[in-house]
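The opening residue of the sequence shown carries number 9 in our numbering; numbering runs sequentially from there.
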Amino acid sequence: MFSNLILQTTNKNERVISLLRYLDKYNQKNRSLIPIKTEDRILTIKQTELIKVEVTKNTLSFYTKKDIVQTNGRLYQVLTRLNENFVQVSKHGIINLDQLVSLEAGFTGNMIAKLNYDQRADVSRKYLPELERRLGL
């Protein structure tokens with residue numbers, strides 16, 4: 009088994025970032041629960057029940073079938089804790105691919121991800137190629 013890996017690239021694109029994320033998670037246990045610290049308690053959400061995560065300023069919103077749980081934090085930190093079923097679709101959003109129903113054109117040229125339980129998420133053009141790749145398109 010190798011103890012060191014050197015990765016050289018001239019372009020740190022979404023595929024390289026995805027590979028680095030995968031390598032970071034390689035030795036970690038795949039946790040099915042995400043702990044979330046709110047003002048008065050710590051809750052856990054099963055990754056399979058998480059529909060999407062959005063950030064507004066420093067407020068993270070975790071959307072599930074039954075609830076919206078809010079806490080403070082950064083979107084990139086959440087993404088590193090999630091499994092491979094999750095993909096960032098904009099500067100302010102992550103979706104669970106298992107909850108994706110369809111992609112539709114939006115009015116501003118962006119795409120709209122329709123998710124289970126009548127949820128939606130904006131998909132920016134910057135993140136669309138990675139989303140399509142993850143969907144096998």
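Note that beta-carbon positions come from the ideal geometry of N, C-alpha and C, so glycine has one too.
Length of the line joining the Cα atoms of residue i and residue j
i    : j    : result
Q127 : S110 : 11 Å
E112 : L28  : 30 Å
K37  : Y30  : Here the model assigns K37 a pLDDT of 47, short of 50, so the residue's position is not dependable and the matter cannot be decided.
Y74  : T56  : Residue identity check: residue 74 is Lys in the sequence provided, not Tyr. Whole-angstrom Cα-Cα distance: 13 Å.
K134 : R23  : 13 Å
L59  : F70  : Looking at the sequence shown, residue 59 is not Leu but Ile. Distance between the alpha carbons of I59 and F70 is about 8 Å.
A129 : Q16  : 34 Å
K45  : L51  : 6 Å
I103 : L123 : 8 Å
V63  : L83  : 6 Å
L143 : I120 : 15 Å
S26  : D106 : 18 Å
T18  : G81  : 31 Å
I76  : L13  : 40 Å
I53  : V61  : 12 Å
Q78  : R49  : 11 Å
E92  : L108 : 14 Å
According to DSSP, residues forming a beta bridge with residue i
i    : result
G101 : E62 and S98
Q127 : L123
K45  : I50
L108 : L123
Residue from the options whose Cα sits closest to the Cα of residue i
i    : options                  : result
E47  : L68, K20, K54 and K60    : L68
F115 : F70, V131, I59 and Q96   : V131
S40  : V63, L90, L123 and K20   : L90
R141 : Q96, N66 and N118        : Q96
K99  : K65, K20, V77 and G117   : K65
N21  : V63, G144, L143 and P137 : P137
N118 : L139, I42, L105 and Y125 : L139
L87  : G101, T79 and I14        : G101
I42  : L13, F94 and Y125        : F94
Open item on the list: List, from N- to C-terminal side, the beta strand (DSSP E) runs of 3 residues or more that fit wholly inside the segment 51-79.
Closed with: 58-64 and 67-72
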